[in-house]
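Residue numbering for the sequence shown follows our numbering, starting at 14 and increasing by one per position.
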Amino acid sequence: MTSGNRPETAADLNIGSLVPTEQVNPATFGIDLLPTLEVLHLLNEQDTQVPVAVGRAIDAIATVTDEVIRAFEGGHRLFYVGAGTSGRLGVLDASECPPTFSVPSDLVQGIMAGGPSALTRAVENAEDDGPAGCQAIKDFGVQSGDVVVGLSASGGAAFVIEAMNAARQAGCFTGAITCHPTGLLAQVVDCAIVVDVGPEALTGSTRLKAGTAQKLVLNMITTAAMIGWGKTYRNLMVDVNPTNAKLRDRAIRLVSALGRCEAGPAARFLEAADGQVKPAVVMALTGLSAAEACQKLASHGGRLRATLDEADCQASSQ
């Protein structure tokens, strides 16, 4: 301390908190004195640390993702549980899966502390309500075989922790995405994804690096799980649900490119296949009807690559 007993360094304010995201960041301690451009450069510099931290957690991310693939293949579901920013990110990722991969809306679900209203406004103390977390697992019908992933930057949200305890008791595989390696959440799940991003640019504001880290991990889990489940062909979203003009145009281009036909026939194949890209591609390449193409895909678990490989083998043997 110096004149007036005002803190002059970050160390003066770090009073022993064990939660990394609650520590004062020395790199941004004087951020309020900087012009806007320098503030933005500093925030950007802090954000560059996030992908590196996520990279250190890849093994744990893979473990959780493989469990998600097994769950999907067995007819089970994935649930995210979180409060505040963490919960909103879980709901966001879940809501993107149906249009991106044409999966049922209940395949990936987000459970938010405080309920749906907490998506747009803060619900005070919702994250501290442990019994509500336990009840939410029951209310959402979570069952044995499902995968439940808890999100809490600090690893201390009682709502999330008790939800994880309830999920384990229900026979679920449980995972966590947290920034606190020794937090309670990491200790009560089967596999904890710990992304230690260090202190936030604004002390305790976990919507920053911690939130970015959680979003990156969520992206990785669902994207890799859908790839592993056969929802893509190469890096193409062949299970896209063409619900708007942009997606319809993309679907036609996919059928045209993979089915080796012009846009006009591609659109007709797509219409005959009720907007589904994969059977439309099979129809274009094999001359099968929509029903026959769907049946052929079903025999290969919906995987377009395996279906096309079989078609190629049959064509070469004729």
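All C-beta atoms, glycine included, are put in the ideal place defined by N, C-alpha and C. Treat the numbers as computed from the prediction; the structure is a model and nothing was measured.
Meets three-Cβ-pair contact criterion under 8 Å: the region 120–137 and the region 63–71: no
Are A176 and I124 closer than 8 Å when you measure CB to CB? yes
Let me know the secondary structure DSSP gives C204 once reduced to three states. strand
I need the boundaries of the alpha helix (DSSP H) containing M239, first residue and last residue. K222 to G241
In the DSSP assignment, find the alpha helix (DSSP H) that holds M177 and state where it starts and stops. A171 to Q182
Going by CA-CA distance only, name the one from H89, S165, K291 and V37 that's closest to T245. K291
Leaving out five residues before and five after E323 in sequence, what residues of the same chain have Cβ atoms less than 8 Å from its Cβ? K309 and H313
A264 and L283: beta carbons closer than 8 Å? yes
Would you mind working out which of L260, V37 and D119 sits nearest E21, comparing C-alpha positions? V37
Below 8 Å between beta carbons: does that hold for P111 and N257? no
With respect to the beta strand (DSSP E) encompassing L105, which residues constitute its N-terminal and C-terminal limits? Not the beta strand (DSSP E): L105 falls in the alpha helix (DSSP H), residues G97 to F114.
Roughly how many whole angstroms lie between the Cα atoms of A145 and V32? 24 Å
Contact check, Q122 vs A107, beta carbons under 8 Å: yes
Put Q36 into one of helix, strand or coil per three-state DSSP. coil
Environment of R273 [buried if 16+ CB atoms lie within 10 Å]: exposed
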